[in-house]
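For the sequence shown, counting from 1, position 241 maps to 359 in the numbering used here; every step adds exactly one. The beta carbon of each residue, even a glycine, is placed where N, CA and C say it ideally should be. Just so you know, these numbers come straight off a predicted model, no measurement behind them. As structure tokens, the structure follows; a few thoughts come after it.
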Amino acid sequence: MCEFVSRRARSATTTIALSAVVLAFVALPAPAQEARTNRIQIEYVPPKSPEYQSLLDSLKANHGLEKMQEIFSPFRLPGDLTLRTTECGMANAWYQRPTVTICYEYLNDIRKSLPAETTSQGITPTDAVLGQFFYVVAHEMGHAMFDMLNVPLWGRAEDAADQFATLMMLQFGKDSARRLIGGAAFSYKNYVNNPKVVVPLEAFSEVHGAPMQRFYNLLCMAYGADRETFADLVTNGYLPQARARNCRVEFGEANFAFQQTIRPSVDRDLAKKVMEGAWLPDVLEHPDLPPPVPEQPK
Ligand SMILES: [Zn+2]
């Protein structure tokens with residue numbers, strides 16, 4: 119476009135020169151929009167397949183997208199961000215500027231996986247659906263925030279998006295955080311129930327962490343944030359002691375990154391209203407390292 123305009127601008131005639139001015143004006147990038155809150159738009163796209171209609175009806179009746187819109191409304195963004203549910207032809211979810219897309223096929227998989235009753239870990243069917251829905255939306259919102267707020271990332275974007283989603287879940291006070299984390303962890307139930315995993319070597323090239331790594335990361339962040347509320351994750355053997363030991367630091371580093379790079383773009387008063395004042399305390403430096411592990415005699 120710019121090259122086209124400059125070629126026109128070389129013309130000697132007034133008419134063409136005038137056109138060039140008009141073209142140049144049209145070709146100018148849009149002025150940067152002011153970063154502000156309440157940038158989240160939502161859209162329930164009607165599914166083509168009748169099998170997803172009841173899913174959409176349920177999602178609308180529970181104000182699923184409206185709730186997520188409210189939760190992300192305190193983020194001051196430079197442009198609008200649309201959160202959309204639609205039929206995709208595959209079970210997936212993704213962010214492509216300026217839209218987060220959640221497929222009905224993905225939500226349907228969640229619906230089909232729900233427990234019939236409260237699990238032995240205390241996860242209710244409601245927690246399982248809310249936690250998994252929150253987890254996928256917040257993960258994609260994480261990608262969107264890193265992009266729209268120009269956040270530099272060390273490490274893999276998928277791990278960072280998981281950490282963002284987990285930190286968001288931990289903002290809602292002990293009870294809600296516990297229910298959301300438990301519900302999100304339920305998405306890995308098939309892996310937890312099959313402790314021996316055999317995969318082709320290529321599986322390790324995936325941009326996402328392996329499902330069980332994501333499961334342990336989720337639990338570790340939660341335990342690191344609140345070792346009382348999530349103590350049973352360790353005592354019941356879901357989170358191995360060797361990993362649990364460092365979780366306070368793992369959580370602390372992610373929380374430090376969040377607060378240094380994203381929190382300045384969050385309207386605190388609005389966030390307090392949305393999350394009932396449950397924002398975690400200020401963090402201004404890296405967490406202390408844990409004591410060294412004693413050498414094991416060989
Ligand atoms: Zn992702």
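Membership of GLU368 in the alpha helix (DSSP H) is indicated by the continuous run 365-379. Minimum Cα-Cα distance from VAL315 among the listed residues ALA234, PRO329, LEU173 corresponds to PRO329.
In the DSSP annotation of this structure, ILE158 is not part of any alpha helix (DSSP H); the continuous beta strand (DSSP E) holding it starts and ends at 158-162.
At a cut-off of 8 Å, the beta-carbon of GLU346 does not count as near ligand 1: no heavy atom of the ligand is closer than that. Secondary structure at LEU336: helix, using DSSP grouped into helix, strand and coil.
Look at TYR356 here: in three-state DSSP terms it is coil, with no helix or strand label. Counting along the chain, the unbroken beta strand (DSSP E) around GLN214 starts and ends at 211-214.
In summary, GLN250 is buried, with 16 or more beta-carbon neighbours lying within 10 Å of its beta-carbon over all protein chains present. For the options ALA303, SER176, ASP406, the alpha carbon positioned closest to that of VAL254 is the one of ALA303. Look at which beta carbons fall closer than 5 Å to any heavy atom of ligand 1; those residues are GLU276, ALA279. In summary, PHE369 is buried, with 16 or more beta-carbon neighbours lying within 10 Å of its beta-carbon over all protein chains present. Secondary structure at ILE220: strand, using DSSP grouped into helix, strand and coil. Distances from the alpha-carbon of ASN226 to those of ASN312, THR347, LEU173, THR353 put LEU173 closest. Relative to the Cα of VAL325, the nearest Cα in the group GLN378, GLU276, THR244 belongs to GLU276. When DSSP reads this structure, PHE193 sits in a beta bridge with VAL384. The three-state reading of DSSP puts ARG274 in coil, since its state is none of H, G, I, E or B. With distances taken between CA atoms, LYS307 lies nearest to GLN239 out of ASN364, GLN239, PHE348, HIS261. Note on geometry: alpha-carbon atoms of TRP212 and THR200 lie some 12 Å from one another. In the DSSP assignment, ARG202 falls within the unbroken beta strand (DSSP E) covering 199-204. Taking one beta carbon from each stretch, the region 259-271 and the region 380-393 have 3 or more pairs nearer than 8 Å; the two touch.
Considering only LEU388, ARG386, ARG363, LYS391, the residue with the shortest C-alpha distance to LEU407 is ARG363. The C-beta distance from THR203 to LEU183 rounds to 7 Å, short enough to meet the 8 Å contact threshold.
Counting only the Cα atoms, ARG332 lies some 11 Å from TYR309.
Taking C-beta atoms under 8 Å as the contact rule, TYR224 and ALA209 qualify, at a distance of about 4 Å. Nearest to PHE374 by alpha-carbon distance, out of GLU205, GLN281, THR155, is GLN281. Cβ atoms of CYS338 and LEU319 stay farther apart than 8 Å, at about 26 Å. DSSP places GLN171 inside the alpha helix (DSSP H), whose first and last residues are 171-179.
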